[in-house]
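With our numbering, the residue at position 366 of the sequence shown is 1098, and numbering never jumps.
Where a beta carbon is used, it is the ideal one built from N, C-alpha and C, also for glycine.
Here the structure is a predicted model, which is why all the values come from computation and not from measurement.
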Amino acid sequence: MRRGLERLGVSAALHPWRVLAGWLLVAVALVVLGEVSGGTFVNDYRIPGAESQRAADLARDHMPGFGATSADIVLHVDSGTLRDPPRATAIRGMLDEVRRQPDVSAVGDPLAGLESADAAISPDGRTAIVTVRYSADIRDLTAQVYHRLNAAAEPVRGEGVAVEHRGIIIERAFEPEGGEAELIGLGVALLVLLIAFGSVVAAGLPILVAMPGLTAGTGLVLLAGSVVDVPTAAPLIAVMLGLGAGIDYALFVVTRFRTELAAGRPPVEAAGRAVATAGHAVVFAGGTVVVTILGLMFAGIPFIATLGLATAITIAVMVAAALTLLPALLGLLGHRVDRLRLPRGRRRAAPSLDPAATEGGGRGWARWGAHLNRRRCCRCVSAPPTTATSRRRGRSGAPTTRSRPGSGRGSTLLC
């Protein structure tokens, strides 16, 4: 396997422009195919075979409106009641305005008591919740739903009533713009790479390799969306995990390449040896991650299985990029990989293949490794209790509406 990887690395380093063009074409083609195939992202949280799913299916069959797209309006006053004449008039005016809004199929009336199934009011008359049902699918509703509901509630607020909203539709108005999380992740990764390499060019290589890899991976996930239901969260999760794995794998190869250059080998040979050694670890590490994540396919929960599938696809693409695209760039750059060194990087000793070069703990990581090795028995004995203690003190659970930015205030008023 090492010989095959070395030949692959040498071939990529000898023909860098062909490899770069090939990756560009493949990435663009996969994205186009994903779009043309009609691939979409769908949130389907059904769990076949579960008792709760059977109950939900029965309710949906026998209760019209069950499971329909909806949003909640929460009303609250600290003094008096919601039935006070000025407030009641303002509330009914708000509900009339909401009924006239697009795609609204039903609006509960908190002042109608038991006559309305979509309204509930507290015994003291100070807190009420109104459910607004929509005829459109949630995927067709935008953040304008929240803005229209909020505007309709202004007269009610003028009467001293606190008005908040909650629900999945409301969350859409508070969703951050796409790409913010990825940009933050890239910035942190670049900072870590700069510290590790001490060179701007070397630090930028893993990021540069990740871009076409993530593009191709996203195209494949979109293509998979034309065959199976892929959750809307899948692209973000796949991109973030793929970015982390891709940078990690590229870090192995770039570090080994610089070491081979320092040993006096020409760039093409250094790229081949880097792929044969560090690339061997990348194959096994990436393969282990892919197989492990694909184990989610056997969880019996479809949306979890497709999340795992999307992530596994992206990581597999990142492994391929580290074994082909990265050596092509390394062969193209050669000794220029150490260009634009940071001030600290100029004082740092060049990497070496000679074990004697790191004897005596001359480098920070070598000193740390020697420290751990001298006290390995103590570390092995103390690690399990430490892990068990943190596990015991930790709390886990699914996020509720109280933890969401759009629904938190409305849920708090109901408590």
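Cα atoms of V959 and T950: separation of roughly 15 Å, rounded to the nearest angstrom. Sequence-distant Cβ neighbours of L765 in its own chain, meaning closer than 6 Å and more than five residues away, are L955. In the three-state reduction of the DSSP assignment, D804 falls in the strand class.
Between A1053 and V941, the gap from beta carbon to beta carbon is short of 7 Å.
Across the structure, R988 and G1004 are spaced so that their CA atoms are roughly 10 Å apart. Here the stretch 804-820 does not lie against the stretch 1059-1078, with fewer than 3 beta-carbon pairs under 8 Å apart. Ranked by how close their Cα comes to the Cα of G1063, the residues S931, P1117, E1001 have E1001 in first place. Apart from sequence neighbours up to five positions away, the residues of its chain that approach A934 with a beta-carbon distance below 8 Å are L925, V986, R990, V1069, D1070, ordered along the chain.
The three-state secondary structure of I1025, taken from DSSP, is helix. For V985, the enclosing alpha helix (DSSP H) has its first and last residue at 966-994. At the C-beta level, L952 and I1045 come within 7 Å of one another. Its Cα nearest to that of I939, the residue M1050 stands out among R739, I1025, M1050, T1009.
When secondary structure is reduced to three states using DSSP, I1045 falls in the helix class.
With a beta-carbon spacing of about 6 Å, I1047 and G1018 fall inside the 8 Å limit used to define contacts. The beta carbons of P944 and W749 sit no closer together than 7 Å.
Within its own chain, the residues whose Cβ lies closer than 6 Å to the Cβ of L1028, once the five positions on either side in sequence are excluded, are I1036, A1037, G1040, listed in chain order.
Excluding five sequence positions before and after A921, the CB atoms of its chain that fall closer than 6 Å to its own CB belong to I979, given in chain order. For the pair R1073 and L923, the Cα-to-Cα distance works out to about 14 Å. In the three-state reduction of the DSSP assignment, A852 falls in the strand class, which pools E and B. In this structure S811 is exposed. Its beta-carbon is surrounded by fewer than 16 other beta-carbon atoms within 10 angstroms. Non-local C-beta neighbours of L1026 in its own chain, meaning closer than 8 Å and more than five positions away in sequence, comprise G1040, L1041, A1044, ordered along the chain.
The beta-carbon distance between T863 and S802, rounded to whole angstroms, is 5 Å. This is short enough to meet the 8 Å contact definition. In the DSSP assignment, S931 is bridged to R1073. Judged by their CB atoms, A884 and V830 are nearer to each other than the 7 Å cut-off. Taking the Cα of R898 as reference, the smallest distance to any Cα among A745, L843, H879, V888 is reached at H879. Where Y878 is concerned, the enclosing alpha helix (DSSP H) starts and stops at 876-884. DSSP, reduced to helix, strand and coil, places T813 outside both helices and strands of the structure shown, so it counts as coil. Sequence-distant Cβ neighbours of A982 in its own chain, meaning closer than 6 Å and more than five residues away, are P938, V941, A1054, L1058. Annotation for V895: the continuous beta strand (DSSP E) segment containing it runs 894-898. When only Cα atoms are considered, V751 and I900 end up about 45 Å apart. Sequence-distant partners of S931 (beyond 5 residues in either direction) whose C-beta falls short of 8 Å from its own C-beta, in its chain, are V1069, D1070, R1071, L1072, R1073, L1074, G1077. If you look at A838, you'll find it in the beta strand (DSSP E) that goes 836-839. In the three-state scheme derived from DSSP, where H, G and I count as helix and E and B as strand, R734 is classed as helix. Judged by their CB atoms, L737 and A1008 are nearer to each other than the 7 Å cut-off. For V758, the enclosing alpha helix (DSSP H) starts and ends at 748-768.
Taking the C-beta atoms as reference points, I779 is found no nearer than 7 Å to I969.
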